[in-house]
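S.K.: Numbered by this note's numbering, the letters in the sequence shown go through residues 9 to 252 in order.
C-beta: ideal position from N, C-alpha, C; glycine also.
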Amino acid sequence: MKFAVVAPSTNTSVEPEYAAMQPRNVTNHFSRIAIPDTKVTDDDSFMVMLQSIRDATFDAVDVSMSMEPGCVIMGMSAETFWDGAEGADRLHKKMLERTGGVPVIMGSTAVDAAIKAYESGGKPIRKIGIITPYMPVGDANVKKFFEDQGYEVVNLVGLKSPSPMLIAHESKQTLKRAAIEVSEGVDAIIQAGTNLAFAEVAAAAEFWLEKPVIAINTATYWHALRSMGIADQMDGFGRLLSEY
Numbered sequence: 009m010k011f012a013v014v015a016p017s018t019n020t021s022v023e024p025e026y027a028a029m030q031p032r033n034v035t036n037h038f039s040r041i042a043i044p045d046t047k048v049t050d051d052d053s054f055m056v057m058l059q060s061i062r063d064a065t066f067d068a069v070d071v072s073m074s075m076e077p078g079c080v081i082m083g084m085s086a087e088t089f090w091d092g093a094e095g096a097d098r099l100h101k102k103m104l105e106r107t108g109g110v111p112v113i114m115g116s117t118a119v120d121a122a123i124k125a126y127e128s129g130g131k132p133i134r135k136i137g138i139i140t141p142y143m144p145v146g147d148a149n150v151k152k153f154f155e156d157q158g159y160e161v162v163n164l165v166g167l168k169s170p171s172p173m174l175i176a177h178e179s180k181q182t183l184k185r186a187a188i189e190v191s192e193g194v195d196a197i198i199q200a201g202t203n204l205a206f207a208e209v210a211a212a213a214e215f216w217l218e219k220p221v222i223a224i225n226t227a228t229y230w231h232a233l234r235s236m237g238i239a240d241q242m243d244g245f246g247r248l249l250s251e252y
């Protein structure tokens, strides 16, 4: 199975985290969305960054299709949540048109699938806490997506990372504290923002907090594997990959 992974050029977390989860006979092939590492200080500058990604995404998809992938994975997050469930559906349809029908996996809907997998093996998940690296405008769109899916967003921490590249430089201690902060009174913790290196932290947090902690990179790669009929399980990335 050849996965084409489309990710921003500033992103240094998706590639190593996907590689660590890669089963035998599955290969990941990255096509970079070329964007500058613009400073992000407020909602306006966040939107400038997002527009840079939008402008270059389809070019990166077109490049990735030349190796005839079995599946295309969107290794970027904010755009897959934008305008809630309706926006995610609209983007997915555009992506499928661009790939000529080759399956496309997106972070937003992958996390929703992961929540439903956890529910199949335990109690219902209705109240969630969310961690993002975003400014408030990004947080609002993530919140809208999950509310559209019927979840109640009880807690949300937006880390307001100062640039798309520096998202990856948020420390494990910062991520640990954010997970603890959003954990009170929720059934599960969700992390958005694919450049946050959260997969390892999520697995540890899930063990200590005794509730699902879903890292977007883990959920997206898991959903790609399962969607393509690959059932390999793996320890070290939480219950999602080891049990479902």
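Using C-beta distances below 7 Å, list every residue in its chain close to Gly244, excluding the 5 sequence neighbours before and after it, in chain order.
M.R.: Within the sequence shown, the letter at position 236 stands for residue 244. If we look at Gly244 and ignore the five residues flanking it on each side, its Cβ neighbours are Ala211.
S.K.: Rounded to whole angstroms, what is the Cα-Cα separation between Asp147 and Ile138?
M.R.: Against the sequence shown, residue 147 aligns to sequence position 139. Against the sequence shown, residue 138 aligns to sequence position 130. About 9 Å.
S.K.: Answer with buried or exposed for Ser35, where buried requires no fewer than 16 other C-beta atoms within 10 angstroms of its C-beta.
M.R.: For the purposes of this step, residue 35 is taken as residue 27 along the sequence shown, with counting starting at 1. According to the sequence shown, residue 35 is Thr rather than Ser. By the neighbour-count rule (16 or more Cβ atoms within 10 Å), Thr35 is not buried but exposed.
S.K.: Who does Glu160 pair with in a DSSP beta bridge?
M.R.: Mapped onto the sequence shown, residue 160 falls at position 152. Looking at the DSSP assignment, Glu160 forms a beta bridge with Lys135.
S.K.: Can Phe89 and Val150 be called in contact, C-beta distance under 7 Å?
M.R.: Taking the first residue of the sequence shown as position 1, residue 89 is located at position 81. Taking the first residue of the sequence shown as position 1, residue 150 is located at position 142. Yes, Cβ-Cβ distance for Phe89 and Val150 is below 7 Å.
S.K.: How should Ser60 be labelled, buried or exposed, when 16 other C-beta atoms within 10 angstroms of its C-beta is the threshold for buried?
M.R.: Within the sequence shown, residue 60 is the residue found at index 52, counting from 1. By the neighbour-count rule (16 or more Cβ atoms within 10 Å), Ser60 is buried.
S.K.: If you follow the beta strand (DSSP E) that Asn36 is in, where does it begin and where does it stop?
M.R.: What you label residue 36 is simply residue 28 of the sequence shown in a count that begins at 1. Here the beta strand (DSSP E) through Asn36 covers 35 to 41.
S.K.: So the alpha helix (DSSP H) Val48 belongs to, where does it begin and stop?
M.R.: On the sequence shown, position 40 is the one that residue 48 refers to. From DSSP, Val48 is part of no alpha helix (DSSP H); its letter is neither H nor E.
S.K.: Write down the C-beta distance between Pro77 and Phe154 rounded to the nearest angstrom, noting that I regard them as a contact closer than 8 Å.
M.R.: Along the sequence shown, one-based indexing puts residue 77 at 69. Along the sequence shown, one-based indexing puts residue 154 at 146. About 29 Å separates the two Cβ atoms, so there is no contact after all.
S.K.: Please work out which residues of its chain come closer than 6 Å, Cβ to Cβ, to Val69, disregarding the five sequence neighbours upstream and downstream, and give them in chain order.
M.R.: Within the sequence shown, the letter at position 61 stands for residue 69. Within the same chain, Val69 has close Cβ partners Val14, Arg106.
S.K.: Of all the options Glu178, Met173, Glu127, which has the alpha carbon lying nearest to the alpha carbon of Pro44?
M.R.: Working through the sequence shown from its first residue, we reach residue 44 at position 36. Selected option, being the one with the closest Cα: Met173.
S.K.: Apply the 10 Å Cβ neighbour rule to Pro132 and answer buried if 16 or more other Cβ atoms are within range, or exposed otherwise.
M.R.: The sequence position of residue 132 within the sequence shown is 124, counting from 1. Exposed, because fewer than 16 other Cβ atoms sit within 10 Å of the Cβ of Pro132.
S.K.: To the nearest angstrom, report how far apart Met84 and Gln181 are at their CA atoms.
M.R.: The count along the sequence shown starts at 1 and reaches residue 84 at position 76. The count along the sequence shown starts at 1 and reaches residue 181 at position 173. Spanning the two alpha carbons is a distance of roughly 23 Å.
S.K.: Excluding the 5 residues preceding and the 5 following Ser116 in the sequence, name in chain order all residues of the same chain whose CB lies nearer than 6 Å to its CB.
M.R.: Taking the sequence shown and counting its residues from 1, one reaches residue 116 at position 108. Here the set comprises Thr88, Phe89, Ala96, Phe153.
S.K.: Just to confirm the assignment, what range does the alpha helix (DSSP H) spanning Ile198 have?
M.R.: Indexing the sequence shown from 1 puts residue 198 at position 190. Careful: Ile198 lies outside any alpha helix (DSSP H), inside the beta strand (DSSP E) at 196 to 199.
S.K.: For Asp67, count the other beta carbons within 10 Å of its own beta carbon; 16 or more makes it buried, fewer makes it exposed. Which is it?
M.R.: Your numbering for residue 67 matches position 59 in the sequence shown. Label assigned to Asp67: exposed.
S.K.: Just confirm the distance between the C-beta atoms of Thr65 and Ile41, as a whole number of angstroms; I'd bet it's less than 8 Å.
M.R.: Within the sequence shown, the letter at position 57 stands for residue 65. Within the sequence shown, the letter at position 33 stands for residue 41. So it is a contact: roughly 5 Å between Cβ atoms.
S.K.: Using a 10 Å radius around the Cβ and a threshold of 16 neighbouring Cβ atoms, would you call Asn203 buried or exposed?
M.R.: Along the sequence shown, read from residue 1 onward, the residue named residue 203 stands at position 195. Buried, because 16 or more other Cβ atoms sit within 10 Å of the Cβ of Asn203.
S.K.: Locate the alpha helix (DSSP H) running through Val209, then write down its first and last residues.
M.R.: The sequence position of residue 209 within the sequence shown is 201, counting from 1. Looking at the DSSP string, the run of the alpha helix (DSSP H) that includes Val209 is 207 to 217.
S.K.: For Val272, name the three-state secondary structure that DSSP assigns.
M.R.: With the chain represented from 9 up to 252, any question about residue 272 goes unanswered, as that position is not in the structure.
S.K.: Quick check on the DSSP output: the alpha helix (DSSP H) that includes Lys168 runs from which residue to which?
M.R.: Within the sequence shown, the letter at position 160 stands for residue 168. Per DSSP, Lys168 belongs to no alpha helix (DSSP H) and is neither H nor E.
S.K.: Quick one: grab the DSSP three-state call for Met236.
M.R.: Taking the sequence shown and counting its residues from 1, the one referred to as residue 236 is at position 228. Of the three classes helix, strand and coil, the one that applies to Met236 here is coil, per DSSP.
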